[in-house]
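Per my numbering, numbering through the sequence shown is continuous, rising by one, with the last residue being 940. Idealized CB from N, CA, C, for every residue including glycine. All values reported here derive from a predicted model rather than from experimental measurement. Notes follow once the structure below has been shown.
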Amino acid sequence: MAPPLSRRSLLQAAALAATTPALSYPATGRAAVAVQEAQAVTVTPSAWSVRPFALDDVALRPGLFADKRQLMLDHARGYDVNRLLQVFRANAGLATGGAVAPGGWEGLDGEANGNLRGHYTGHFLTMLSQAYAGTGEQVFADRIRTMVGALTEVRAALRKDPAVLSAAGRFGTAAENVRGSYQYVDLPAAVLGGASAITLSAWVRPGHDGNWARVFDFGDNTTRYLYLAARNAAGVPRFAITTGGPGGEQGLDGTTALPLNQWSHLAVTIAGGTGTLYVNGTAVARNTAMTLTPAALGTLTNNWLGRSNFATDPVFAGAYDEFNIWSRALSAAEITQLQSTRAADAATGRGDLASYAFDETSGGSFADASGRGLTATLRRTWGGPSHPGFLAAYPETQFIDLESRTSSDYTKVWAPYYTAHKILRGVLDAYLATEDARALDLASGMCDWMYARLSKLPEATLQRMWGLFSSGEFGGIVEAICELHSITGRAEHLALARLFDLDRLIDNCAANTDILDGLHANQHIPIFTGYLRLYDATGEQRYLDAARNFWGMVVPHRMYGIGGTSTAEFWKARDVIADTITDTTAETCCAYNMLKLSRTLFFHDQQPKYMDYYERALYNQVLGSKQDKADAEKPLVTYFIGLTPGHVRDYTPKQGTTCCEGTGMESATKYQDSVYFKAADGSALYVNLYSPSQLNWAEKGVTVTQITSFPREQGTTLTIAGGTAVFALRLRVPSWATAGFGVTVNGQTVSGTPTPGSYFSVSRTWRSGDTVRISMPFRLRVEKAIDDPALQTLFHGPINLVGRNSATTYLQLGLYRNAGLSGDLLPSLTPVSGKPLHYTLGGTEFAPFLEGTENPTHAYFRRSEPRVIFGNSDSGVTNPAKSDGTTLLDEIWAGAPFGSKDALVSRVRATVNAWMAADLLSQADGTTVVRTAEQATYAP
1 MAPPLSRRSL
11 LQAAALAATT
21 PALSYPATGR
31 AAVAVQEAQA
41 VTVTPSAWSV
51 RPFALDDVAL
61 RPGLFADKRQ
71 LMLDHARGYD
81 VNRLLQVFRA
91 NAGLATGGAV
101 APGGWEGLDG
111 EANGNLRGHY
121 TGHFLTMLSQ
131 AYAGTGEQVF
141 ADRIRTMVGA
151 LTEVRAALRK
161 DPAVLSAAGR
171 FGTAAENVRG
181 SYQYVDLPAA
191 VLGGASAITL
201 SAWVRPGHDG
211 NWARVFDFGD
221 NTTRYLYLAA
231 RNAAGVPRFA
241 ITTGGPGGEQ
251 GLDGTTALPL
261 NQWSHLAVTI
271 AGGTGTLYVN
281 GTAVARNTAM
291 TLTPAALGTL
301 TNNWLGRSNF
311 ATDPVFAGAY
321 DEFNIWSRAL
331 SAAEITQLQS
341 TRAADAATGR
351 GDLASYAFDE
361 TSGGSFADAS
371 GRGLTATLRR
381 TWGGPSHPGF
391 LAAYPETQFI
401 DLESRTSSDY
411 TKVWAPYYTA
421 HKILRGVLDA
431 YLATEDARAL
441 DLASGMCDWM
451 YARLSKLPEA
461 TLQRMWGLFS
471 SGEFGGIVEA
481 ICELHSITGR
491 AEHLALARLF
501 DLDRLIDNCA
511 ANTDILDGLH
521 ANQHIPIFTG
531 YLRLYDATGE
541 QRYLDAARNF
551 WGMVVPHRMY
561 GIGGTSTAEF
571 WKARDVIADT
581 ITDTTAETCC
591 AYNMLKLSRT
601 LFFHDQQPKY
611 MDYYERALYN
621 QVLGSKQDKA
631 DAEKPLVTYF
641 IGLTPGHVRD
651 YTPKQGTTCC
661 EGTGMESATK
671 YQDSVYFKAA
681 DGSALYVNLY
691 SPSQLNWAEK
701 GVTVTQITSF
711 PREQGTTLTI
721 AGGTAVFALR
731 LRVPSWATAG
741 FGVTVNGQTV
751 SGTPTPGSYF
761 SVSRTWRSGD
771 TVRISMPFRL
781 RVEKAIDDPA
791 LQTLFHGPIN
801 LVGRNSATTY
811 LQLGLYRNAG
821 LSGDLLPSLT
831 PVSGKPLHYT
841 LGGTEFAPFL
851 EGTENPTHAY
861 FRRSEPRVIF
871 GNSDSGVTNP
881 AKSDGTTLLD
891 EIWAGAPFGS
901 KDALVSRVRA
911 TVNAWMAADL
921 LSQADGTTVV
931 RTAEQATYAP
């Protein structure tokens, strides 16, 4: 482990080492002074006593995981990455090539105005990187390089003033304003010339149907202005002029909407108290009481094409060809002539107040041909250029707003550092997969930009920011920054990671004080994986303690049977499970992040419970969250997995491109990441999961091939090939493996007693051809909700079985009817022929949760054992219960497994006697129960 370094010393070192250009405010607080340089570490932390293999070291073999992955690989190959890049290119004012943004959360029309856009592109890059590492297919590397190249261009464009984006115009060249670019044309203040009569004429090609987007808006504020909107609230063009705000507007309204992506001509004339609005040469509105003219407005400050003086109105998206202003009202005939002829070639001539042809193909200004020299300038609403290193699909404005925000409003600020994390993670994974130096430069630049911004903020500001629900969410950014630091060795990168310390959360969890009630689950889970990486880099014990204790607050106290956690995205009180079950339980992102946390904890401390949980969540929620269906357009992954009776999974959640679809793409391309681990000193190989796969352990010169159809097969076979190597083979004995765990090497039984919930070690000199066979019989068991023991869920080995039934109330099920001497409840169910792991009970088919279907399912049921039955023999006696709900049969079967029928009958007799002595059972009924047990025939 690295020697402990205080947060202060790291920040001091970073301040001295930092070379990032500073922002406009001075450094304060933790980043104000400097001491020693922090040391770089290797990509794999030295603190890890166990380490993972790279994805390309482990190949998936045909089976359940390979089938699920193939569906996602097809999506990764088929989806047009230019659609993902559209929002980035638009933000930078670059050509989008006609690509359509994905929509949903990854577009301007999605939830909360698209304030999370960019996040999904980061997920997609990570998926491609993992797909390339796992398969070696060149198509994935090519797509990564396309995206990295585009993002490099985007960052460069954001660092410059906006540049003209030329397009085909009505007569020649036009200037295009891509939606999402926040660009507009700024005209000089003298443009209206104080005219008492006027004509304003424009050729426009609207690209979006947003109401109130301005063709032009000349004004000082929201009181004095004149504007022409392509669409008003009714969807038709509107011109208005006022000196008294909206209530005093003198207006002209069109009659029909302008067509999208087609050229339309708009003109407004005012003279002699009459205003007229023309659309494509036709007068569509006339106001004979229009007393206001530009002369009444005076010289105005804001003279804009495409931007409104009302800050909440959208920027005009589309293209401009000609824009002319004349100091007189053109006649209807003159307006008609402009429909087919440039103004310069028409009888009108160019506008005498202003005339812009938009013939420019480069630069950031537009020449005025009126003779007045009123050059127009292309600008962004948010200013600019961006600060060095900044990369996003929206401006820096959300980051700026967050710094002064005291309450959450995701329509204004929706987790900008969360989105930054996804992009950072994506480009970092791209670098690790392809060694493309541009990707590393993007990642490093993003962190330089974040450090330059955050290191200047007071600590109290940071704590307030990170404590805000949603707006302050930052995902797994600390983990990604620490990983970048392990590559670059730059002190400011490690110092940046520590700027995300949320002290209240760390300190309470380190003290094992549970404060999770009411917290947003997925906002906090990935934080702890990052804090573990900070422990690795700094040696500060509180990070490790906090992560360990936090994990224990979730598992099992806030965990559903499938391994998921959260209800409606939040945690409730500890040990409340039944009362939190809704149709919005188990957000899929939570399972993804709990898996990352569990494996990272295991790298520090090889407690089998971490990998037991990993198996549970992977084989159930994660696999079950991916629909078993191909789709090039959508990843088909759940957001929530409702656990209410009769719930049908939604694989196209919300508006699409959600966080869970993003993590779902990642999960499905890294199924092999935790099958095998190795001891840091090479002395042991951990086999954590039983999955068909092949490991190439290059340091040992061996391959390990695992052949199995697990979980359809209750065991697996490992074969060693290659050279000779000495190591301990540590086989995970699942906590559910109570029916035995047998191990043979080359047909010979290995001595020892494997214990459920442990690792069983086989140490020897391994040679090519050595074969290890593992058998682990499954049993059917129930797991009870902590707060309602009668509410239960079924497991067969590691596999959660769900009832497929359209009923919307809990099924009432009994399971003791034909329970085996081992305590296995499976004999009470009937296997479905030809469908492995499918059974029927009480007329309902039970199937593995992992199957990604759209059947209505029952993950939980109500346990109902109304009568005492043994071996399908019904005693006719009511099954009595104690005040705590424990029934007679519960107490009898709690003694399982039984070595023989006699042992079971002895347990029955002793339990019956105790219950009769407590007046819980009559003598006659007790005698009947014992006799029934004696006469029954039992499954093993």
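_Alpha-carbon to alpha-carbon, Pro-388 and Ala-195_ = Here the question's residue 195 lines up with position 195 in the sequence shown. Here the question's residue 388 lines up with position 388 in the sequence shown. Rounded to the nearest whole angstrom, the C-alpha separation of Ala-195 and Pro-388 is 44 Å.
*Cα separation between Thr-853 and Glu-633?*
Looking up residue 853 in the sequence shown gives position 853. Looking up residue 633 in the sequence shown gives position 633. Note on geometry: alpha-carbon atoms of Thr-853 and Glu-633 lie some 18 Å from one another.
*asked:* By alpha-carbon positions, which one of Leu-158, Ala-684 and Phe-469 ends up nearest to Tyr-410?
replied: Translated into the one-based positions of the sequence shown, residue 410 becomes position 410. The candidate whose alpha carbon is nearest that of Tyr-410 is Phe-469.
*Taking the alpha-carbon positions, what's the Tyr-25 to Gly-172 distance?*
By 1-based counting over the sequence shown, the position of residue 25 is 25. By 1-based counting over the sequence shown, the position of residue 172 is 172. Its pLDDT being 34, under 50, Tyr-25 is placed unreliably in this model, and the value from its coordinates should be taken loosely. Computed Cα separation, rounded: 46 Å.
_Cβ separation of Tyr-610 and Ser-625, assumed to be a contact under 8 Å, to the nearest whole Å_ = For the purposes of this step, residue 610 is identified with residue 610 of the sequence shown, where counting begins at 1. For the purposes of this step, residue 625 is identified with residue 625 of the sequence shown, where counting begins at 1. Contact flag wrong, Cβ pair sits at about 21 Å.
*asked:* If the criterion is Cβ atoms closer than 9 Å, does the pair Ser-763 and Ala-728 meet it?
replied: As a working mapping, residue 763 is identified with position 763 in the sequence shown. As a working mapping, residue 728 is identified with position 728 in the sequence shown. Yes.
*For Ser-768, which of helix, strand or coil comes out of DSSP?*
Locating residue 768 in the sequence shown gives position 768, where the first residue counts as 1. Collapsing the DSSP output to three states places Ser-768 in coil.
*Would a C-beta distance cut-off of 9 Å place Val-941 and Ser-486 closer than the cut-off?*
Any question about residue 941 goes unanswered here, given that the chain covers just 1 to 940.
*Any contact of the segment 289-300 with the segment 262-274, i.e. 3+ C-beta pairs under 8 Å?*
yes
_Going by DSSP, what residue range makes up the alpha helix (DSSP H) through Ile-786?_
Residue numbering aside, residue 786 sits at position 786 when the sequence shown is read from its first letter. It is not in any alpha helix (DSSP H) - Ile-786 carries neither H nor E in the DSSP assignment.
*Measure the C-alpha to C-alpha separation of Ile-481 and Leu-496 and round it to an integer number of angstroms.*
Within the sequence shown, the letter at position 481 stands for residue 481. Within the sequence shown, the letter at position 496 stands for residue 496. Between Ile-481 and Leu-496, the C-alpha separation is close to 8 Å.
_Local Cβ density within 10 Å of Thr-419, reported as buried at 16 or more and exposed below that_ = Start at 1 with the first residue of the sequence shown, and residue 419 comes out as number 419. By the neighbour-count rule (16 or more Cβ atoms within 10 Å), Thr-419 is buried.
*Gln-748 bridges to which residues according to DSSP?*
Start at 1 with the first residue of the sequence shown, and residue 748 comes out as number 748. DSSP, once it has assigned bridges, lists Val-745 as partnering Gln-748.
*Which value, in whole angstroms, describes the spacing of the CA atoms of Pro-653 and Tyr-639?*
One-based indexing of the sequence shown puts residue 653 at position 653. One-based indexing of the sequence shown puts residue 639 at position 639. Cα to Cα, Pro-653 sits roughly 6 Å from Tyr-639.
*asked:* Can you tell me whether Asp-579 is helix, strand or coil according to DSSP?
replied: In the sequence shown, the residue the question calls residue 579 occupies position 579. Note: Asp-579 maps to helix in three-state DSSP.
*Alpha carbon to alpha carbon, how far is Val-284 from Leu-374?*
Along the sequence shown, one-based indexing puts residue 284 at 284. Along the sequence shown, one-based indexing puts residue 374 at 374. Each residue's CA atom was taken as its position, placing Val-284 and Leu-374 some 31 Å apart.
*asked:* DSSP three-state label for Thr-28, please.
replied: Here residue 28 corresponds to residue number 28 of the sequence shown, with the count starting at 1. With a pLDDT of 39 at Thr-28, under the threshold of 50, the modelled position of this residue cannot be trusted; read the value that follows with caution. Reduced to three states, the DSSP call for Thr-28 is coil.
*Glu-661 (DSSP reduced to helix, strand or coil)*: Position 661 of the sequence shown, counting from 1, holds the residue named residue 661. Here Glu-661 sits in helix by DSSP.
*Is Ser-181 buried or exposed, if buried means 16 or more other CB atoms sit within 10 Å of its CB?*
Indexing the sequence shown from 1 puts residue 181 at position 181. Ser-181 is buried by the Cβ-count criterion.
_Assuming contact is defined by CB atoms lying nearer than 9 Å, are Ile-641 and Ala-586 in contact in what I supplied?_
Counting from 1 along the sequence shown, the entry for residue 641 is found at position 641. Counting from 1 along the sequence shown, the entry for residue 586 is found at position 586. The answer is yes: Cβ separation under 9 Å.
*Got a sec? Which residues, its chain only, sit under 6 Å from Arg-909 by beta carbon, not counting five neighbours each side?*
Your numbering for residue 909 matches position 909 in the sequence shown. Closer than 6 Å at the Cβ level, and outside the excluded window around Arg-909, lie Val-930.
_Beta-carbon contacts of Arg-649 that lie in its chain and below 7 Å, excluding the five residues immediately before and after_ = Looking up residue 649 in the sequence shown gives position 649. For Arg-649, where only same-chain residues beyond five positions count, the Cβ hits under 7 Å are Thr-638, Ile-641 and Glu-854.
*May I ask you to verify whether the segment 107-115 touches the segment 398-414, counting CB pairs closer than 8 Å and requiring at least 3?*
Judged by Cβ distances under 8 Å, the segment 107-115 makes contact with the segment 398-414, as three or more pairs qualify.
*If I'm right that Tyr-227 touches Ala-240 with Cβ under 8 Å, what's the distance once you round it to whole angstroms?*
Taking the sequence shown and counting its residues from 1, the one referred to as residue 227 is at position 227. Taking the sequence shown and counting its residues from 1, the one referred to as residue 240 is at position 240. Going by Cβ atoms, the distance from Tyr-227 to Ala-240 rounds to 6 Å, so yes, they are a contact pair.
*Nearest CA to the CA of Phe-358: which residue from Gln-463, Ala-174 and His-208?*
Indexing the sequence shown from 1 puts residue 358 at position 358. Taking only the C-alpha atoms, the option nearest Phe-358 is Ala-174.
*Option in Gly-752, Gly-539, Phe-500 and Pro-259 with minimal Cα separation from Ser-46*: Within the sequence shown, residue 46 is the residue found at index 46, counting from 1. If we check each option's Cα against that of Ser-46, Gly-539 comes out closest.
*Determine the burial state of Val-868: buried for a count of at least 16 other Cβ atoms within 10 Å of its Cβ, exposed for fewer.*
Here residue 868 refers to the residue found at position 868 of the sequence shown. Classification for Val-868: buried.
*asked:* Taking only three categories from DSSP, how would you classify Val-33?
replied: Start at 1 with the first residue of the sequence shown, and residue 33 comes out as number 33. Confidence in Val-33 is poor, its pLDDT being 29 and thus under 50, which makes the residue's placement unreliable; the coordinate value appears in the next sentence. DSSP places Val-33 in coil when its eight states are reduced to three.
_What does the alpha-carbon distance come out to for the pair Thr-809 and Val-555?_
Position 809 of the sequence shown, counting from 1, holds the residue named residue 809. Position 555 of the sequence shown, counting from 1, holds the residue named residue 555. In a straight line, the C-alpha of Thr-809 is about 27 Å away from that of Val-555.
_Tell me the rounded alpha-carbon separation between Thr-719 and His-75._
Locating residue 719 in the sequence shown gives position 719, where the first residue counts as 1. Locating residue 75 in the sequence shown gives position 75, where the first residue counts as 1. Distance between the alpha carbons of Thr-719 and His-75: 33 Å.
*Between the Cα of Glu-479 and those of Asp-429, Gly-363, Met-465 and Thr-878, spot the shortest distance and give me the residue it belongs to.*
What you label residue 479 is simply residue 479 of the sequence shown in a count that begins at 1. Taking only the C-alpha atoms, the option nearest Glu-479 is Asp-429.
*Looking at the structure shown, is Ala-133 part of a helix, part of a strand, or coil, going by DSSP?*
As a first step, residue 133 is located in the sequence shown; it is residue number 133 there, counting from the start. Reduced to three states, the DSSP call for Ala-133 is helix.
*Give the straight-line distance between the Cα atoms of Glu-483 and Leu-432, rounded to the nearest whole angstrom.*
Indexing the sequence shown from 1 puts residue 483 at position 483. Indexing the sequence shown from 1 puts residue 432 at position 432. The alpha-carbon separation between Glu-483 and Leu-432 amounts to approximately 11 Å.
*Sorted by chain position, which residues of the same chain lie with C-beta nearer than 7 Å to Gly-245's C-beta, five sequence neighbours on each side aside?*
Residue 245 sits at position 245 when you count from the first residue of the sequence shown. If we look at Gly-245 and ignore the five residues flanking it on each side, its Cβ neighbours are Thr-222 and Thr-223.
*Return the chain-ordered list of same chain residues with a C-beta closer than 6 Å to the C-beta of Val-148, the five sequence neighbours on each side being excluded.*
By one-based count along the sequence shown, residue 148 stands at place 148. So the list reads Ala-430, Asp-436, Arg-438 and Ala-439, once near-sequence residues are dropped.
*Compute the Euclidean distance between the alpha carbons of Glu-699 and Gly-664, then round it to the nearest angstrom.*
Counting from 1 along the sequence shown, the entry for residue 699 is found at position 699. Counting from 1 along the sequence shown, the entry for residue 664 is found at position 664. CA-to-CA, the gap between Glu-699 and Gly-664 works out to about 32 Å.
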